[in-house]
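This report concerns only the one structure given below.
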Amino acid sequence: MKKQWTNQEVAELLRAVAAAYEVRNASKFKVIAYDRAATSVEHLTTEIKDLWDEGKINEIPGVGPSIAQHLDELFAKGQSSHFREVMKGLPPAMFELIKISGIGPKTAFKLCQSLKIWRKKGALERIKKAAEEGKIRRLPGFGEESERKIKEAVTQAKLKKKEKPRMLLPYAAELAKKIIAYLKSSPWVEDAQPLGSLRRQCATIGDIDIAVKTKKPKKVVAFFLKFPQIKQVLNQGEKKASVVLRNETQVDLRTQDAQTWGSMLQYFTGSKHHNIALREWAQKRGLSLSEYGIKKVKTGKVIRTKTEEEFYRYLGLPWIPPELREDQGEIEAAQKNKLPKLVSIKDIKGDLHLHSDFDVEPSHDLGKDDMETMVKKAAQLGYQYLGFTEHNPSISQHTSQQIISILSRKKELVEKINRTCAKKLNIKVLNGLEVDILPDGRLALPEKAFALLDYVIASVHTSFHQPKEKMTQRILTALDFPKVRFLGHPTGRKLEMREGYEVDWEKVFAKVLKNGQFLEVNAFPDRLDLPDFLVKEAIQHGVKLVVNTDAHQVEHMELMPYGVAVARRGWARKKDIVNTLPWRKFAKVFKIHYN
DNA sequence: GCCGTTTTCGGCCCGACTGTTTTCAGTCG
């Protein structure tokens, strides 16, 4: 039986080859090449096996003729003779060790060789034991301190066998706010900003990066290290420090003075790949970039910038929004002055996915707040319209007649609100429903009930593990039902919980376009679905999106900025999002008939 | 080993911190 290689497995193999080359003291550029190929495969948005089937493996950035040939053999025969050759004679255990923070290829090899640890299985336990027995400190190049650190790292990795979980964006944002507030209470702190993946508004956040503007870096570092929630200091220097908080979150702090603040913001916002690409780009123009500024290689003169705008401007580029800094073509677009003007939270005119407490006797969870409260909130948020879309009444526990009766009552209530409170607030309330897509693609709603609704959200809530073909057909079938305006949380992913289901997106894009429908960007923190890369693909296909909160209580309506952030990361402009349209125009494209 | 808006050859991002060293290699972001 032939092995089905996943992207993660291929990336891990390439990384192992890079490590093997490093131990063998091969050219460091060869090592970097393999490492880059690994990262590139890891970040693919399609399965590498599918690319290979289509003969497109050489289109992967960082994969050239040599690596492509080895991968070809890998997929055809199940293994690559070249990779095997490179790793031959090296202890398999070292490839397990390099997954531990602080242990690189050289250290891993030295440990395995000196301690005679060969097999992968039990490698970590044997390292730990050797450390406890004081054997590591006696090895050349090691000492007591390194032994202690290795023991600690190995022990901790064992505790969290699974990969360290990432935080949801809003959680990380709240935590960062507290740290920033603490830092700003120091007289030496002129400014403090959360940067890194938080500033880029990634869906999940690994650690929190903070930059501080100051003339007294040492004092700021010392002050930071007194933050009450710190559990452990990973490292501390004159201008930076890394710590772990009691909730296991790592926080990295860097300092810079006001004159150099622009380059620090740029450097520490990343992403790493954006920075590398930008530095290579600058290098070709005789410039060398770092957090200290822009250095002219010829003269050695360093240009310091107070703002990020100045930094990019000096490079001859417009300022690039942080959400785009992922080395996904943004530098080229900036150079050609073709960066998109991204949608902003101020553009949003309505929320079309809200669950009120009106009891439709649904199979899924009901909202907590009444319609009037939510309408008032919508007005506060400056919206012109909103739509209530409770889950459909459970079809297993109701007759069609009962369902129609429930939905008739809901229709009357919405009409009443439109005549009273909504009218006063000059806001339109739509009567929608979020309806389950059954495993065969039918919608969980009796035929006659559709007439009672302004629109329907079609969503998958069950049977996530159908094969790609079947899931695609299921969704296509559902989209052809009447009144369906958009597909809710289209991939079904739950961040840090489950992957989305397999779908042929090209076919879904085509169907949605043909039917004049939309795809949702769901702003709920554990969904953020469509994901950013699919937002980008959808837009490239001309598909329009609708950004909603999926609020189940009034406070959730404030989550809209996170949905907008995902859209921005997917290069969405105002015109790509239908609920940026003012009411009349929106009603037309959303096919709502009103008096 | 990869790659091309000065190159199909000759380059390849940049700096901080740590530990074990007497000048630097390894690792990280």
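Using this note's numbering, read the first sequence as starting at 691 and increasing by one per residue. Even glycine gets a Cβ: it sits at the ideal position worked out from N, Cα and C.
(request) Tell me where the alpha helix (DSSP H) around GLY1190 begins and ends. (result) Per DSSP, GLY1190 belongs to no alpha helix (DSSP H) and is neither H nor E.
(message) Using C-beta distances below 6 Å, list every residue in its chain close to PRO751, excluding the 5 sequence neighbours before and after it, in chain order.
(response) Excluding sequence neighbours, PRO751 sits near SER730.
(request) Below 8 Å on the Cβ atoms is my guess for GLN891 versus ARG1259; work out the distance and round it to an integer in Å. (result) Rounded, the Cβ-Cβ distance is 6 Å, consistent with contact.
(message) Suppose contacts are defined by Cβ-Cβ distances below 8 Å. Is GLU1210 in contact with PRO1180 by that definition?
(response) yes
(request) Could you tell me if the beta carbon of PHE958 falls within a distance shorter than 7 Å of some heavy atom in the ligand COA? (result) Summarising the ligand content, the structure contains no ligands, and the ligand COA is consequently not present.
(request) Give the DSSP-derived three-state secondary structure of THR1167 in the structure shown. (result) The answer is helix: DSSP assigns THR1167 an H, G or I state.
(message) I'd like the list of long-range same chain contacts for LYS693, defined as Cβ closer than 7 Å, with 5 residues on each side in sequence excluded.
(response) GLY768
(message) Tell me the rounded alpha-carbon separation between THR1270 and TYR724.
(response) Annotation: THR1270 to TYR724 spans about 44 Å, alpha carbon to alpha carbon.
(message) Assess contact between the segment 1035 to 1055 and the segment 1236 to 1256, defined as three or more Cβ pairs (one per stretch) separated by less than 8 Å. Is contact present?
(response) yes
(message) Once DSSP output is grouped into helix, strand and coil, what is the label at ASP942?
(response) strand
(message) Helix, strand or coil, according to DSSP, for ILE1282 in the structure here?
(response) In this structure, DSSP gives ILE1282 a state outside helix and strand, which the three-state scheme calls coil.
(message) Please list the terminal residues of the continuous beta strand (DSSP E) segment that includes GLY1215.
(response) In the sequence on display, residue 1215 carries Pro and not Gly. Premise fails: PRO1215 is in no beta strand (DSSP E) and is neither H nor E.
(request) Could you check if THR1079 is buried or exposed, using at least 16 other CB atoms within 10 Å of its CB as the buried criterion? (result) buried
(request) Decide if PRO884 is buried, meaning its Cβ has at least 16 other Cβ atoms within 10 Å, or exposed. (result) buried
(message) Determine whether the beta carbon atoms of ASN1205 and LEU1135 lie at a separation below 8 Å.
(response) no
(message) Just to confirm the assignment: which complete beta strand (DSSP E) runs, minimum length 3, are found wholly within the segment 856 to 920?
(response) 881 to 884 and 898 to 903
(request) In the DSSP assignment, find the unbroken beta strand (DSSP E) run with ASP1041 in it and report its ends. (result) 1040 to 1044
(message) If you reduce the DSSP assignment to three classes, tell me which class ALA931 lands in.
(response) Of the three classes helix, strand and coil, the one that applies to ALA931 here is strand, per DSSP.
(message) Here's the rule: buried if 16 or more other CB atoms are within 10 angstroms of the residue's CB, otherwise exposed. What is GLY1131?
(response) It counts as buried.
(message) Between the segment 1117 to 1129 and the segment 1142 to 1151, can you find at least three pairs of beta-carbon atoms closer than 8 Å?
(response) They touch, by the three-pair rule.
(request) Report all residues from its chain with a CB closer than 6 Å to the CB of LEU1166; omit the five preceding and five following residues, and keep chain order. (result) LYS1201
(message) I believe ASP1059 touches VAL933 by the beta-carbon criterion, under 8 Å. Please report the beta-carbon distance rounded to the nearest angstrom.
(response) About 39 Å; that fails the 8 Å criterion.
(request) Report buried or exposed for ILE966, applying the criterion of at least 16 other Cβ atoms within 10 angstroms of its Cβ. (result) exposed
(request) Kindly provide the ranges of any alpha helix (DSSP H) runs that are 4 or more residues long and lie completely inside the segment 811 to 851, ordered along the chain. (result) Runs of the alpha helix (DSSP H) inside the segment 811 to 851: 813 to 822 and 834 to 849.
(message) According to DSSP, simplified to helix, strand and coil, what is TYR982?
(response) coil
(message) Quick check on the DSSP output: the beta strand (DSSP E) that includes GLU1124 runs from which residue to which?
(response) 1118 to 1126
(request) Compute the Euclidean distance between the alpha carbons of PRO1251 and HIS772, then round it to the nearest angstrom. (result) If you take the alpha carbons of PRO1251 and HIS772, they lie about 49 Å apart.
(message) Output needed for ILE1085: all residues of its chain with C-beta closer than 6 Å, excluding positions within five of it in sequence on either side, in chain order.
(response) ALA1134
(request) Compute the distance between the beta-carbons of VAL941 and ASP881, then report whether it is under 8 Å. (result) no
(message) DSSP three-state label for VAL1050, please.
(response) In the structure shown, VAL1050 sits in coil (DSSP, three-state: anything other than H, G, I, E or B).
(request) Might you give, ordered along the chain, the residues of its own chain that have their beta carbon closer than 8 Å to the beta carbon of GLU749, omitting 5 neighbours on each side? (result) LEU741
(message) Considering only DSSP beta bridges, list what GLN1091 is partnered with.
(response) Beta-bridge pairing links GLN1091 to no other residue.
(request) Measure the Cβ-Cβ separation of ALA1069 and ILE1010 and say whether it is below 8 Å. (result) ILE1010 is positioned such that its CB atom lies no closer than 8 Å to that of ALA1069.
(message) By the three-class DSSP mapping on this structure, what secondary structure does ILE1147 have?
(response) Strand, per DSSP.
(message) Between the alpha carbons of ILE1282 and THR1063, how many angstroms are there, rounded?
(response) 24 Å
(message) Measuring only the C-alpha atoms, how far is ARG726 from PRO860?
(response) 31 Å
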